[in-house]
Structures are given as structure tokens and as C-alpha cells.
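Top to bottom, those sequences are chains S and C.
Counting with the numbering used here, you get residues 1 to 344 for the letters of the first sequence.
Counting with the numbering used here, you get residues 1001 to 1344 for the letters of the second sequence.
Worksheet for the structure shown next.
2 protein chains.
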Amino acid sequence: MSDARDTLFRYLTLLQLIPRSPGRISTPVLKEKLAERGFHIDTRSLQRDLGQKLSTQFPIGCDDSQKPYRWYFDRAFQCHLPALDVPSALTLVLAEEYLKGLLPPVVVGQLTPHFNDARQLLDGMASNGLSKWARCVRAIPNGKALIPAELDEATWQTVAEALLEQKAIDVMYLSRNSETEKPLTLHPQGIVSRHSATYLLAHVDGFEDLRQFALHRVKHAAFSQRAWQARDDFDIDRYIQSGAFGYRQGPDNVVLEAEIARPVAWLLQETPLSEQQTIDALPDSQWYRLTAQVPDDQQTLWWLMGMSTNVKVLAPSAWRETLKANAAQVLAHYQDTPNTCDTH
Amino acid sequence: MSDARDTLFRYLTLLQLIPRSPGRISTPVLKEKLAERGFHIDTRSLQRDLGQKLSTQFPIGCDDSQKPYRWYFDRAFQCHLPALDVPSALTLVLAEEYLKGLLPPVVVGQLTPHFNDARQLLDGMASNGLSKWARCVRAIPNGKALIPAELDEATWQTVAEALLEQKAIDVMYLSRNSETEKPLTLHPQGIVSRHSATYLLAHVDGFEDLRQFALHRVKHAAFSQRAWQARDDFDIDRYIQSGAFGYRQGPDNVVLEAEIARPVAWLLQETPLSEQQTIDALPDSQWYRLTAQVPDDQQTLWWLMGMSTNVKVLAPSAWRETLKANAAQVLAHYQDTPNTCDTH
DNA sequence: ATTTAATGCGGCGTTAGTTGTCGCAGCACT
DNA sequence: AGTGCTGCGACAACTAACGCCGCATTAAAT
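Next comes the structure, spelled out in C-alpha cells:
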């Protein structure tokens, strides 16, 4: 890439260097970055490129309130280089529907231009007038969709950058217990997005232990002066499996054996519980016998609970007992008169 | 866009017209499409653009086995015009983790270049050598992740295009009951992606009733000669809510009243069940009183079941009864000796 | 207040690249 | 063999890009 002397390519590089609207970049910085990439051009040329060529053809703005002008892309603009094809666009639309229930609005918002691009493509396809695609595509999430916790756009940007560029941050944090915001200096080690809430794993400056910080309770994040402190021993998977998010998990898989009703059998035949899974019809009934290797985790147990009467767990016995005890306790809750305990 | 005579812009348009690798486009077609967009150039120029300019700077291939050469983009290439920023890249990584458990691999595969682009950006950031971002970002899905049903890439492409461009398709369909593949002509009306499986809503040629077709049981989809038949009365939301996917739903919201344990209270304070929700502490206990307007659907009921002993539903009474009956039935399943019915 | 350095911008001549045209060659089809 | 399509090399005319210069404006420094 030393002397890639091609105007087209230089323009492309230039366009890639201009950030989307909250961001800005000044002309001298652009010149420098271009030089880094092998484009040694006169400042005047760069000015002409920006002011006359690019800004007429692209939604590029210029902040000329201060003298080294600052350039930025329109917030909504997105351009994919091999243009999106129809199946990809449809996938993006589906993805958006799913993600809206899973990630905080601000985080999904980061991808809005992409989704808009997809929608635009689909809109433009409607040869016969009104576009109907929006009325024929739906994503149904798996579980109950809780409303994702709101978080601040600036916070997300700062935290994301801090984590990946290994910087410490100063935040105002509203802890769960107290009502007051406390200033903290954090050393980010990881981010966990657990269905509808997003957590930062970090340790507080001066302390050793790792803690979770709900991002929506973080106010005013900013890069800190303090140097970022690593934790070499940190393993995010181990951390999660240790039960930090209520998902404790045994180290090994277990063999689940159960009798399942026909609708469940059909479901699992199409979308199996695991790679190792067998389903056999039981004689003289609408029931099936399921054997599957599954992880020993909370998720699976919850799924079994949700299946309620459609699944009878035989093994592992621990789960069987848990389900039984749960059912007994739930029943007890709802039982007004303790004596009306019905069995089969 | 009539006489947008700018080389740069023409190149850009050209690049957008070249499809990703499974697709191809021939030189004369390109010339025509360029003309449509206001670029009236000589064939020779186009040939030069492709063969000398673009293909040296971009991963563009040329299939010269037949005479009108056919051009295509490298499968893996992706270029976002305002380049991805760090927060967006992180969002993409999170999105990928979620979507892998929700959409069939082939569908997610449509977006692979995007995700790769994001990963590449993050990889390139690691100033201090090895990139660690992969070890510090996780998405924990809400429910149990079943293994998404596999489906054929060509099938997805055909079905997606047929749906959106309103074409009928000929398929070989392996129905759930029979073991044999049957040829069908379908008129696609919608696509529903329900957690791990994806369904096409269509009516069979010659019939009036709408049916669901699991995409992973569709083999050999191809555009049909037959003209596509619309169904004006089709409303996908109404269709889903009518219970077609096991998610029957009452037309109105209901008011859920329940007593919830403290962890649930915390969870719901951060990621509410609905916009209208109040949580009040109950005196003399670790319990809280929840009131929320929620949809009257299966999802919510399942969620309540999963909460098991941590939630005691007070209203609506129908749910209360359902939960109670369920618990009783589950308990009955697990009860070896009917007499050991324990209550509080 | 004056100086100084940095930035933007118009203009100009040189240079380099782009474009259409022509002719030729290979290929498929008739 | 003929015809039409496509790709490619070459050439000349044209156009655009580039660096340089000078000047105006602005902000910081003296």
C-alpha cells in the first residue's frame, strides 16, 4: 500500500476515515492519516476532495465554526460495498426484531443505519406500489421479552471503547441499594449482555475483587486519568459459570432422560436440545422417550419447568427432585385448603 | 442523477452493482444498469474500469469461462462506508452471539461478512499484541437455546426472494407425517422466525387455506412458472395471535397481580414486564407486590411458570388456576406414592 | 496591539489520467 | 465462410487532478 496512487482508492480511504456524525475529524488529522496509508497529497488537494468532490456526492457535513474544519458523515447514512442482496436484507430485518427485545435500545441503535439500509432496499423492491414486506415478516422470541433497560448512548460509547482499548473510566454509579450516585473509577474487564440488561465487569480502583455494574445505572462515564489495570487470571466464561449471573452450572454435561408429549417430541426433532439426542416412541401412548446430553445449568432446568406437564423427567434424579419440590411448593402457594391435594 | 458525471461516483455505483460471490453479473448487463442510473459510458470504458481499475484494488473476481465475462465480489469482503466505530463493532459482536442461537446458521451466515468486518476492526485495535476482546464479551440468551434447525442456503435465498418479489415457488417438501418428499407449488405470504425454527406461510397452488411450512423441511426450492397469488385479507400479526404457533393470545391486556420474591423484584425493576408496572414492598417479609399490565399470551404464562416458587400469582384468576393445575399435575407425575402429598 | 503560525480558498500551469473510437482477434452460432 | 458479440490494445483528444503560489482570515503568542 506504499504508493497506491489511485484517486478512487484514496477517496474510499478518505470516506472510511470520516466518522459518523457524533464524531468529527479535522482536515490536518485526515491528511496525516492518509499519509499513514500511503497517500501523500497536498493539503490543498485534500481540501478540494472534501469540499468539492465528496461533500457534493455524499451526505458529508462540515463544522466550520472553528478553523481547522471538522468533517463528519450524516448520522443516517450507510453504504455497503457489495450492496445488500435480498436474502441478507431480510435477515437483517429479522435480526432487528430479535435484537430489539434483547439489547438495550441504545445498543441496537448503533446498528440503525444498517437496518435502515436493509429496509430501504426492501422498500425499493415493491414494484407494484406499496411495499408489503413489513407485513409479512415476524420474529417471535423464545422466552418472555422483558423491556430492556434503558441506557445512555454516551455511556455505551465510552464503556465500549474503554473496555476494548483498555482504559480506566470514571463513572457516577447508582448502586442498587443506595439512592445516591457515587463516583467510582473502574477498570473494565468484560461486558455481559444477559437478555435484557447489560453489565460491565470491572474492579474498582484500589480494590482487587471483580464486581458487576449494571450499565443502565451508570451515569456520566468518562475516560479516567488512571492507567488501566489488567487482571490476567480473568476468564469470562469461568466467571459466568461460577454463578455470578444466577446461571450456576456443573462442569460436565448430564444425561437427561424424560418422557415427553407428542408436541414436545416434534419440537425437539426439529430444534434439538443437543447434538446427542434420541427420541423414541413409547408403546400404547402419545408419549415419547427422550435421551439427551445437556449442560447442567439453570437454563435447561428453566426450560423443563416451562414445559410443565408436557415433560416428565426421569433422570438426573436431582432435577427430578427439584421439579417435584418446586411443583409441591407452587401448589402449596395456591392451595387455599391444604387438603384438596389431587393426584392422578 | 441524470448527468452525474463523476468517475468516483460511477465507480461506487459499479461496485454496488457487482454481487457477492454466488451471484454474477455480466458486462453488458452492468452497462445497461449503469445507463439506467445516468452513467452513459462506452463499453470499452466499462471493461477498463473492471479489468484494470477495480479488480486491482478490490477483491473482485471474473469468470471468463464464457464470453460475456461475469463479475463477482469476493464472498468475504465487506466495506462499510462510514467505517465501523468501536461501539458499533462491539454491538455487532454481541448481536452475533445472540443470533447464533436464534436463527438458522444459514440465515446468520448471510451476515457473516458484517460480523467479520466487526471482528477485524476489534482485532486490529489490540495495540499490545494479542487481541483479548473475544475473551471479555458475552451474550447470555434469555431462554434455553435449542439448536436451530439447519436449512439449505439456496432454499433461504430462493424463499426470501420469492416472498419479497412476490413469486410462486416449486418445492420438494418433506411433511412432518410422511417420510416422502412431495412436490408442491407454493404462494408465499409471510415468514415467521420462531426462536430456533423458521416457517414459511403460504398456500398451496389450487387451495385457499394458509399453511405453515418449516423451511428446514423444504428441499430444492425454485421459482415457479405460475403467477403468484396474493391474499389481500392476510394479516401476519392476526395470524400469529390466532394461535397458529402455539401462542394464542387474548385480544386485550390483562392486569397481573402477584407477590414476588426479592430477586425477581430486582430483576423487574431493571427490566420491567411492561410499561405499566408497579412494585411495592410488602411489610414483614422479603416479598414484594407486583401489579403490571401484560399481554394475555402464552409467553407470559411460560415466564411465570419458569419463575416457579419465586412468584405467587394472585390475578388473573385464570392464570392462577392454570398454574395451580399445572403444579398439581406435575407433582402427580413425580409422585411415586400418591399419599405423600406435602403441603405447608 | 502586533506578530506569527495555521488554515482555507481561488487561480494557474503542468502532468497524469480518462474517454471514445478504431481495428483486430477469438468465439459461438448460423 | 459469414455474422454478431465480446474483449483488448492503441491512439489522440480531452479532462481532471495535482502541487504550488498568493492572499485572506483567524486564533494563539508576544
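Don't be surprised by glycine CBs; every beta carbon is placed ideally from N, CA and C.
Residue-chain proximity (Ile236(S), chain C), Cβ-Cβ < 7 Å: yes
Three-state secondary structure assigned by DSSP to Asp1174(C): The question names Asp, but residue 1174(C) in the sequence shown is Leu. In the structure shown, Leu1174(C) sits in a strand (DSSP, three-state: E or B).
7 Å Cβ cutoff met for Val171(S) and Val218(S): yes
Cutoff 7 Å: Leu164(S) Cβ touching any chain C Cβ: yes
C-beta atoms of Ile279(S) and Ala265(S) nearer than 7 Å: yes
Nearest-angstrom Cβ-Cβ length linking Ile94(S) and Ala139(S), presumed shorter than 8 Å: According to the sequence displayed, residue 94(S) carries Leu and not Ile. Between Ala139(S) and Leu94(S) the Cβ distance is about 5 Å, and since that is below 8 Å, they are a contact.
Through-space distance from Ala1118(C) to His80(S), alpha-carbon basis: 13 Å
Below-7 Å beta-carbon distance, Ile1041(C) vs any chain S residue: No, no contact with chain S.
Proximity test, Cβ basis, 7 Å: Tyr69(S) and chain C: no
Classification of Arg1010(C) by the beta-carbon crowding that lies within 10 angstroms, buried from 16 upward: buried
Chain C within 7 Å of Ser242(S), Cβ atoms only: no
Terminal residues of the alpha helix (DSSP H) in which Tyr1239(C) lies: Ile1236 to Tyr1239
Within chain S, the residues that Asp1006(C) reaches when beta carbons sit closer than 8 Å: Under the 8 Å cutoff, chain S gives Lys53 and Gln57.
Straight-line Cα distance separating Glu181(S) from Thr1007(C): 56 Å
Amino acids of chain C, ordered along the chain, whose beta-carbon sits closer than 9 Å to that of Asp63(S): None at all; the shortest Cβ gap to chain C is about 16 Å.
Ordered list of alpha helix (DSSP H) runs contained in the stretch 1152–1206 of chain C, each at least 4 residues: 1153–1165
Residue-level contact to chain C via CB, Thr322(S), 7 Å cutoff: no
Collapsed DSSP secondary structure at Ala1244(C) in the structure displayed: helix
Within chain S, the residues that Ala1139(C) reaches when beta carbons sit closer than 7 Å: Under the 7 Å cutoff, chain S gives Ser193.
Pair within 7 Å by beta-carbon distance, Arg70(S) and Arg24(S): yes
Interface flag, Glu96(S) vs chain C, CB-CB below 7 Å: Not closer than 7 Å to any Cβ of chain C, the Cβ of Glu96(S) fails to qualify, so no.
Helix, strand or coil at Phe223(S) according to DSSP, with G and I counted as helix: strand
Asp280(S) - containing beta strand (DSSP E), residue span: Gln277 to Ala281
At least 3 beta-carbon pairs within less than 8 Å: the stretch 1206–1225 of chain C vs the stretch 1268–1287 of chain C: no
Under 7 Å between C-beta atoms of Gly1101(C) and Pro1141(C): yes
Collapsed DSSP secondary structure at Lys1033(C) in the structure displayed: The answer is helix: DSSP assigns Lys1033(C) an H, G or I state.
Chain-order list of residues whose beta-carbon lies under 6 Å from that of Ser2(S) (same chain, five-residue window excluded): Interpretation of Ser2(S) is limited by its pLDDT of 35, a score under 50 that renders its predicted location unreliable; the figure taken from the coordinates is listed afterwards. Excluding positions up to five away in sequence, the list reads Gly38.
Within-7 Å CB hit, Thr1271(C) to chain S: yes
CB of Pro1104(C) within 7 Å of CB of Thr1198(C), strictly: yes
The stretch 1044–1059 of chain C contacting the stretch 56–71 of chain S, beta-carbon criterion three pairs below 8 Å: no
Local conformation of Pro295(S) per DSSP, three classes: strand
Separation of Val137(S) from Leu122(S), as counted between CA atoms: Cα-Cα distance, rounded: 12 Å.
Length of the line joining the Cα atoms of Gly1143(C) and Glu1032(C): Each residue's CA atom was taken as its position, placing Gly1143(C) and Glu1032(C) some 50 Å apart.
Where Gly1061(C) falls: helix, strand or coil (DSSP): strand
Minimum Cβ-Cβ distance from His1344(C) to chain S less than 7 Å: Bear in mind that the predicted position of His1344(C) carries a pLDDT of just 42, short of 50, making it too unreliable to give a figure here.
Closer than 7 Å to chain C by CB, Gln47(S): The beta carbon of Gln47(S) does not come within 7 Å of any beta carbon belonging to chain C, so the residue lies off that interface.
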